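Chains as they are written, first to last, in our numbering: chain A, 286 to 387; chain B, 286 to 387.
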């Protein structure tokens with residue numbers, strides 16, 4: 286029962302500054318999280334629902350199950366990542382847990 | 286340059302009715318879309334940002350590139366899926382295109 290942490294970043298004030306920190310500092314922290322199976326990141330290129338371009342970037346972190354994800358959040362590496370997230374995430378950014386269908 | 290269509294469904298009026306249609310009718314339509322590399326679906330289990338439980342389900346459709354995704358949207362199977370989406374998606378549902386980082 287794979288679980289996935291979905292992080293959706295709203296538009297940053299300065300995209301270049303955001304990306305530099307995101308790719309240079311944040312993702313290396315993410316990569317150290319124990320139990321992380323896979324991380325997938327990307328930029329929102331288009332909105333097809335007629336709504337606003339709310340989000341700038343999305344990151345998805347895959348874990349084998351809920352317990353592994355909780356252990357990751359409880360680790361020192363998870364705490365360092367959360368601390369850095371708090372520094373960079375623009376207001377209105379979302380953080381959701383998805384339980385994948387089989 | 287993999288691209289991904291992210292569909293985020295807001296809370297349906299009746300989750301059981303929604304899931305029955307979603308899994309029994311909608312996903313079989315999705316599976317027929319030409320050029321689809323992978324589809325990943327799941328339910329939102331928790332919200333970690335202190336905000337509202339805006340979304341009920343998420344679906345992500347992977348395509349090799351932008352051109353393949355556009356061809357998929359232009360196909361009869363893509364149109365059938367879009368028509369069914371319009372029937373089931375609760376108001377406020379989002380449909381975003383993500384360009385994945387390498």
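The C-beta atom is built at its ideal place from N, Cα and C for all residues, glycine as well. If you're wondering where the values come from, they're calculated on a predicted model, not measured in any experiment.
- DSSP places residue 329 of chain B in the strand class (E or B) of the three-state scheme.
- Around the C-beta of residue 359 of chain A, fewer than 16 other C-beta atoms lie within 10 Å, and the residue is accordingly described as exposed.
- In the DSSP secondary-structure assignment, residue 308 of chain A is not bridged to any residue.
- The region 354-373 of chain A makes contact with the region 299-318 of chain A; the number of CB pairs closer than 8 Å reaches 3 or more.
- Rounded to the nearest whole angstrom, the C-alpha separation of residue 307 of chain B and residue 300 of chain A is 36 Å.
- Residue-level contact by beta carbon fails for residue 321 of chain B and chain A, as no gap is shorter than 8 Å.
- About 16 Å separates the CB atoms of residue 314 of chain A and residue 354 of chain A; that is not less than 8 Å, and the two are not in contact.
- For residue 373 of chain B, the uninterrupted alpha helix (DSSP H) segment begins and ends at 361-373.
- The beta carbon of residue 298 of chain A does not come within 8 Å of any beta carbon belonging to chain B, so the residue lies off that interface.
- For residue 343 of chain A, a Cβ of chain B is located within less than 8 Å of the residue's own Cβ.
- By the neighbour-count criterion, in which 16 or more other beta carbons inside 10 Å mark a residue as buried, residue 327 of chain B falls on the buried side.
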